[in-house]
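Asks: Take a look at the following structure, please.
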Amino acid sequence: MSPAMSPAMSQPTGERSFPLPSQIAAVPGAEGWEAMYPYFTRFQPEDDQRFWFYNSMHFPEVVPAFDGITSEIPYTAIGANTARLFVFPTTMGIEYRILNGRVYITANPVLDEAEQAQRLAHFQERAGYYYANWDRLYEGWQQRIEALIAEIEAVEVPQLGELDDIEVVTGSRGYATNHLVRENYHRCIDLYSKMWHHHTEFLMLGYGAYVVFFGFCKQSFPEIGDQTVARMVAGIDVTMYRPDDELKKLAALAVELDLADLFVEGNEATKVLSALGERGDAGARWLAALEEAKDPWFNVSVGDGFYHHHLSWADDLTVPFAALPRYVEQIRAGEDLTRPTERLAAERDRIADEYRALLGSDDEKGAFDQMLGLCRQVFPYIESHKFYCEHWFTTRFFQKIRAFGRLLADRGVLAEADDVFHLRHVEVEDALADVMLAWASGGTELGARHWQPIVAERKRIVQALAAWTPPPALGPVPEALNDPAVQMLWGVTDETVQTWLGGDELEENVVRGYAASPGVVEGTARVLGGVNEIGQIREGEILVCPVTAPSWGPVFGKIAAAVSDIGGTMSHAAIVAREYGMPAVVGTGQATARIKTGDRVRVDGDRGIVTILG
Amino acid sequence: MGALMTMTQAVLPFADVGRRDVARVGGKGASLGELLRAGIRVPDGFVVSTAAFRKAVENLTVRGEPIAELTAALDPDAPEALAAETARIRAAVESAPLPSPVVLAISAHYERLCVEAGQGDLPVAVRSSATSEDSAEASFAGLQDTYLWVSGGGSVAEHVRRCWASLYSVESVTYRRRRGIPESDLAMAVVVQQMVGARSSGVMFTRSPLTGDRSVVAIDASWGLGSAVVSGDVTPDSFVVSKVTGEIVRRAVSTKTRWHQPDPGGHGVVESDVPAQLRDVPALGDEEIAELVAIGRRVEAHYGCPQDIEWAVSRTAPPGENVFLLQSRPETAWAEKDAARTTPAATPAARAFDHVFTALGKRPSES
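Chains as they are written, first to last, in the working numbering: chain A, 1 to 614; chain B, 1001 to 1367.
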């Protein structure tokens, strides 16, 4: 029996409900968690009337106080673009609330038909302008985002010496360096905000094109898999694959330069690097190649760009160096690791041609060509923006904030640099003002007494909240969940909601998610908490992980199947698994909690089911 | 020479018939010949043609009256009289000796099958093959009998007569009388086909019977002979496979409690419980599914329209040579819906992105 047939389903729509926000019990040990987030993120009594769902895709973990910025700012940008800038006819923006450290969201629909019609006229003019000039505007976007990355990289965290530099005087700059503490901190926040506006500038238009093609395919071919539609539009030469490709090149170079003996499993990055330094010319050549590959391709986050602790490869070489031994081994065994781009492109076109040929009329074929053509035009943006926004820019952004944390630690306000992430971004400004004042007055910062107990308290709270299992949704279920943005981005449809509702009919050995890549395979599970653990995985195991990002790429050559807590059919794990032709189930919400390393599991990528066999 | 001519017309091997021969060999016979011509593996056999039927039955009488006239005079609203009279007619058809050229031809072709299969008394299926393809007639054809696991030349001839006689069953005659189908046009071909000792069998549609989706093949499969699936004696496994990617889009493995198997005594079919260790095992392996899909696509391409297919996987033939089609006919239900559809799902727009405006202009539930 499918979960959609569960008893909850038979109740009339409207009577079905998830727990109300006001009914959620407090988490022991997490009292006072609300202070970690701004007042406007708190559930209000009237919010009980609305339907909210947990954005587990972007916020799978408890959000630390500073990281609250990764919901606040994206939602100011995404909503502005859909509601006010491009004027999507049927949707305004997304409202969010934070409950026990988790982000819940709801979309604001436009229901009035007259208003929809008015908005449609604006949408046609505005979105039409972007679609009609897509390639030119996208080129401009590329330049703007790279300029923005250069700007964030250039932001300096001021050094407050005993005396200000003489140049400040001789250049008659007119302001002392403590002024720059606030200005440069603000610049980081402002640039982050601007990045998110750029991020969502093209995103919803791109998804719009995809949703339309997807809808047409589903109508014409009701049985078509989501991933098959995705395969027809997927790009071949995608930025996202570059970091992994660079690693393969470095592995090949290591073999060519006779350095392969240094790349063995378990050998730490620092040891390999110092050993390379003793290998003369060959070692130097390899290190030079590494430096070249790093900029920009190691600016890839080990996560998805929403948490401060997701560092980049460049910041932490553990991940790329854990992947290198296997690539070296494969290359020595004579394997060709380059992606077969021509074959992939030919296969993509064959699939599209065959579906096209199955359509009933020339009219439909003509419409299919147009929709697919538009998708392929917008897809380079959809596929590439993450590298620039969530990875490159965001890892630089968090490193700058970390540097401000270092300043606060150096001045005794915080115990250590990373404690800055337990302050809200407006609180960091207070702490910095404390430093600016103390430096100016010759007095002492008062922050240690104020902030350090707060940081300690919040660390405890975050830990307590981590034990809480967030309900997938809150509040009454709406008549129809038909917001294309919600469907596209989060994969939340009427069907998903019904599955969630059926969740209390617990199937002990079954974990359900999205069927992301077809095939059925049985094997031994390896549960990894993060990408820095990828060295543990053994050939032929089934990867079970919270979320995969591009930095997980190297692991796919080794595993038999992939299962993730988070992600939809367009997620990284899904795309890469399809390319490797291995089964994948993503967006299970609970695989890492329910499955243990060593469990024998069956991954059914056709149906989105993982069965724990024992 | 004359006898030989008659023989050729009376009995035709599958290899000699094709889709143009429906009038002579019926729909089933023509389809099997056509499949063979298309290079599809079907169990070999032959057709006892409508000419043989006419030769054997046309001049039969009951109480001195031609049976066609007797049957035409029956009243469907007088069921008791009709039952009594049809019983007499059927007995006459079943007991009338076959014309010797027909007997000779049946024996000769049956012997050929035995020789080619390397097995004396080869078991065969004997089944009626109606001469009309339209759907009402097709269901009429469904009223005729099918005999499985028949062996021996004499027994085959006897079952051919039984098939013919089935045209005079209460149901068939009532059906014809109610619809005013003239007895003068009545004819039936009989297909004689080598039995496949099926490990698994079932049906296959080259489009989704549920949604009409032409991009998938839907397969129902169960253990043993196909009669268990067709009769609804078992809930079969169900597989939906994409024609384009070859991926199994949906896979529902059911608990298959019953199976039909050939009677070890050599006659007919035995129904029994599936052994416990087999019940929840898929009746088809993924490679067999892929092979069936490939065959289904070839048949569909050959006929130019989606097909409704019966198939079997042999228990004895080696992998790669063990998948057989038993029958294929055009899918009709969705074809009729397609024909009735007047507006396309979408038409080309002035600009590609106009599709976005059309689709996102309204909330989907209101469109």
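Quick reminder that beta carbons are idealized off the backbone N, C-alpha and C, glycines included.
Could you list which residues in chain B have their beta carbon closer than 9 Å to that of Leu-120/A, in chain order?
Replies: Under the 9 Å cutoff, chain B gives Phe-1357, Leu-1360, Gly-1361 and Lys-1362.
Asks: Could you check if Ala-121/A is buried or exposed, using at least 16 other CB atoms within 10 Å of its CB as the buried criterion?
Replies: Exposed, since its Cβ has fewer than 16 Cβ neighbours within 10 Å.
Asks: Which residues, in chain order, does the segment 372-392 of chain A contribute to contact with chain B at a C-beta distance below 7 Å?
Replies: Under the 7 Å Cβ criterion, the segment 372-392 of chain A contributes Gly-373 and Leu-374.
Asks: Would you tell me roughly how many angstroms separate the C-alpha atoms of Ala-577/A and Val-585/A, rounded to the nearest one?
Replies: Looking at the two C-alpha atoms, the distance is approximately 10 Å.
Asks: Residue ranges of each alpha helix (DSSP H) run of no fewer than 4 residues wholly in the segment 520-564 of chain A, ordered along the chain?
Replies: Here no run is fully enclosed.
Asks: Can the beta-carbon of Ser-1200/B be found closer than 8 Å to that of Ala-1218/B?
Replies: No, they are not a contact pair.
Asks: Verify the CB distance criterion: does Gly-215/A have a CB-CB separation below 8 Å to chain B?
Replies: Closer than 8 Å to some Cβ of chain B, the Cβ of Gly-215/A qualifies, so yes.
Asks: Where does Val-1196/B land, buried or exposed, given buried means 16+ other C-beta within 10 angstroms?
Replies: When all chains shown are included, Val-1196/B counts as buried.
Asks: With H, G and I counted as helix, E and B as strand and the rest as coil, what does DSSP make of Trp-1223/B?
Replies: Strand, per DSSP.
Asks: Nearest chain B C-beta to Thr-106/A closer than 8 Å, yes or no?
Replies: No, because no Cβ of chain B sits closer than 8 Å to the Cβ of Thr-106/A.
Asks: From the DSSP output, read off the bridge partner residues of Gln-1217/B.
Replies: Checking the sequence, you will find Val at residue 1217/B rather than Gln. For Val-1217/B, which the question treats as bridged, DSSP gives the partners Val-1241/B.
Asks: Which residue or residues does DSSP assign as beta-bridge partners of Met-1204/B?
Replies: Answer by DSSP bridge pairing, in chain order: Ile-1219/B and Ile-1309/B.
Asks: For the beta strand (DSSP E) that contains Ser-1128/B, what are its first and last residues?
Replies: Run containing Ser-1128/B: 1124-1129, per the beta strand (DSSP E) assignment.
Asks: So which residues on chain E does Leu-358/A lean against when the C-beta distance must stay under 7 Å?
Replies: Reference to chain E is not applicable here, since the protein chains of this structure are A and B.
Asks: For Asp-316/A and Val-462/A, what's the separation of their Cα atoms in angstroms?
Replies: Cα to Cα, the separation comes out at about 24 Å.
Asks: Tell me Tyr-1147/B's beta-bridge partners as DSSP assigns them.
Replies: According to DSSP, which records beta bridges pairwise, Tyr-1147/B is partnered with Val-1126/B.
Asks: Output needed for Ile-1040/B: all residues of its chain with C-beta closer than 7 Å, excluding positions within five of it in sequence on either side, in chain order.
Replies: If we look at Ile-1040/B and ignore the five residues flanking it on each side, its Cβ neighbours are Ile-1295, Arg-1298, Val-1299 and Leu-1325.
Asks: Counting only beta-carbon atoms, is Val-1240/B nearer than 8 Å to chain A?
Replies: Yes - at least one Cβ of chain A is within 8 Å of the one on Val-1240/B.
Asks: In this structure, what does DSSP give as the bridge partners for Val-52/A?
Replies: Val is not the amino acid found at residue 52/A; the sequence shown has Trp there. DSSP, once it has assigned bridges, lists Leu-474/A as partnering Trp-52/A.
Asks: In this structure, how does DSSP classify Ser-517/A when only helix, strand and coil are distinguished?
Replies: Strand at Ser-517/A.
Asks: If we count the other Cβ atoms within 10 Å of its Cβ and call it buried at 16 or more, is Thr-1342/B buried or exposed?
Replies: Thr-1342/B is exposed by the Cβ-count criterion.
Asks: Am I right that Gly-605/A and Pro-546/A are in contact with their C-beta atoms under 8 Å? What's the rounded C-beta distance?
Replies: So it is not a contact: roughly 19 Å between Cβ atoms.
Asks: Quick one: does Ile-1248/B have its CB under 8 Å from some CB of chain A?
Replies: Interface residue, yes.
Asks: Can you name, in chain order, every residue of its own chain whose Cβ lies under 8 Å from the Cβ of Arg-42/A, other than the five neighbours on each side?
Replies: Glu-34, Arg-97 and Ile-98.
Asks: Beta-carbon separation of Val-302/A and Ala-251/A under 8 Å?
Replies: For Val-302/A and Ala-251/A, no; Cβs fall outside 8 Å.
Asks: From the beta carbon of Arg-1251/B, is the nearest beta carbon of chain A less than 8 Å away?
Replies: Output row for Arg-1251/B: interface = yes.
Asks: At the level of alpha carbons, what is the spacing between Val-1269/B and Ala-1290/B?
Replies: The straight-line gap from Cα to Cα measures roughly 29 Å.
Asks: When we look at the beta-carbon of Leu-318/A and count the other beta-carbons within 10 Å, is it buried (16 or more) or exposed?
Replies: The amino acid occupying residue 318/A in the given sequence is Thr; Leu does not appear at that position. So Thr-318/A counts as buried.
Asks: Secondary structure at Trp-468/A, three-state DSSP: helix, strand or coil?
Replies: Correct three-state label for Trp-468/A: coil.
Asks: Excluding the five sequence neighbours on either side, which residues of its own chain have a C-beta within less than 7 Å of the C-beta of Ala-1072/B, listed in chain order?
Replies: Glu-1183.
Asks: Is the segment 396-409 of chain A touching the segment 155-171 of chain A in the sense that three or more CB pairs, one from each, lie closer than 8 Å?
Replies: Contact holds: three or more Cβ-Cβ distances are below 8 Å.
Asks: Looking at C-alpha atoms only, which residue of Gln-227/A, Lys-558/A, Phe-214/A and Val-211/A is the closest neighbour of Ile-575/A?
Replies: Minimum Cα distance to Ile-575/A is reached at Gln-227/A.
Asks: Ignore the nearest five residues each way along the sequence and tell me which others in Cys-375/A's own chain have a CB closer than 7 Å to its CB.
Replies: Cβ within range, chain order: Ala-209, Tyr-210, Phe-213 and Val-233.
Asks: Residues of chain B with a CB under 7 Å from the CB of Pro-476/A: which are they?
Replies: Within chain B, no residue comes near Pro-476/A; the closest Cβ sits about 17 Å away, beyond 7 Å.
Asks: Taking 8 Å as the threshold (beta carbon to beta carbon), is Thr-1347/B in contact with chain A?
Replies: Yes, its Cβ sits closer than 8 Å to a Cβ of chain A.
Asks: DSSP three-state call for Ala-584/A: helix, strand or coil?
Replies: Here Ala-584/A sits in strand by DSSP.
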